[in-house]
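Visitor: Numbering of the sequence shown is given in the UniProt record's numbering, commencing with residue 1 and proceeding in unit increments. Ideal Cβ positions, reconstructed from N, Cα and C, are used throughout, including at glycine. Keep in mind that this is a model prediction, so the values were computed, not measured. Before I ask anything, here is the structure I am working with.
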Amino acid sequence: MLSSRLHCEAPTLTLLRPFKTFFRISDMLKTKSEMFKNQPKAIFELFARLVFTSRDRDHTQQYFQLRDLFANNPPYLSGTLATQGIGIAIDAAACELILPKYRNAKCYCRCRMVPDETAVGNWTLEALEIRATDWKKICEAAEAVGNESVLGYSG
Numbered sequence: 001m002l003s004s005r006l007h008c009e010a011p012t013l014t015l016l017r018p019f020k021t022f023f024r025i026s027d028m029l030k031t032k033s034e035m036f037k038n039q040p041k042a043i044f045e046l047f048a049r050l051v052f053t054s055r056d057r058d059h060t061q062q063y064f065q066l067r068d069l070f071a072n073n074p075p076y077l078s079g080t081l082a083t084q085g086i087g088i089a090i091d092a093a094a095c096e097l098i099l100p101k102y103r104n105a106k107c108y109c110r111c112r113m114v115p116d117e118t119a120v121g122n123w124t125l126e127a128l129e130i131r132a133t134d135w136k137k138i139c140e141a142a143e144a145v146g147n148e149s150v151l152g153y154s155g
C-alpha cells in the first residue's frame, strides 16, 4: 500500500497549450507528423484512457498503453515512464494506475513522442508523467485550450 507520505506533493500542473494538448490520439499523431516533425524534444499533453500498465521487476520503468477517450479502437499508443529521479508524487501517481480499478480509466500523460517504426503510427511515448484524471479536469482543460468541440459542446 502507498504511504500517505507519498501523496504530500502534488504532481505537476498541466501546461495546457493549444497544438500541444490533445483529447484524441489521432489528432496528436497528425499534429506531431505535420507541425512538430523536426522537434524531438517537444512536450505534449494527452488525455486518454488507460488500456494497461505494469512495472518492470526493478521498478525503474513503467510500461503503459493508451487508447482514445471516446473510442475503443485503434490507434493505441504505448509508452514508458522512467521512474528514477521523477519525484515521489509523480512516481506515486503513476504507480497507483497499476491498481485494477484504473483499468480503462481516464488519464493524463505529459510526454514526448519518440519515432518507432515497429509501433502503430510509428510513434511511442516517453512519459514525463502519467496519472489518473476525471471528466471535470478534462472538460476544464478542453475549455482552457479552446477545444470544447472535441467533447461535443461549445462554450
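Just to confirm the assignment: which complete beta strand (DSSP E) runs, minimum length 3, are found wholly within the stretch 27-72?
Guide: 44-55, 61-67
Visitor: Quick check: the Cα distance between ALA105 and THR133, rounded to an integer number of angstroms?
Guide: Taking the straight line from one Cα to the other gives about 8 Å.
Visitor: Could you check what DSSP says for PHE23 in three-state terms: helix, strand or coil?
Guide: coil
Visitor: Roughly how many whole angstroms lie between the Cα atoms of VAL114 and ASN38?
Guide: 11 Å
Visitor: Under 7 Å, do VAL150 and ALA141 count as touching if we go by C-beta distance?
Guide: No, Cβ-Cβ distance for VAL150 and ALA141 is not below 7 Å.
Visitor: Rounded to whole angstroms, how far is the Cβ of CYS109 from the Cβ of LEU66, which I believe are closer than 8 Å?
Guide: 7 Å
Visitor: MET28: buried (16+ other C-beta within 10 angstroms of its C-beta) or exposed?
Guide: Answer is buried; the Cβ neighbour count reaches 16.
Visitor: Suppose you measure from the CA of GLU119 to the CA of PRO74; what does that come to, to the nearest Å?
Guide: The sequence shown places Ala at residue 119, not Glu. Computed Cα separation, rounded: 12 Å.
Visitor: Taking only three categories from DSSP, how would you classify LEU81?
Guide: strand
Visitor: Let me know the secondary structure DSSP gives LEU151 once reduced to three states.
Guide: helix
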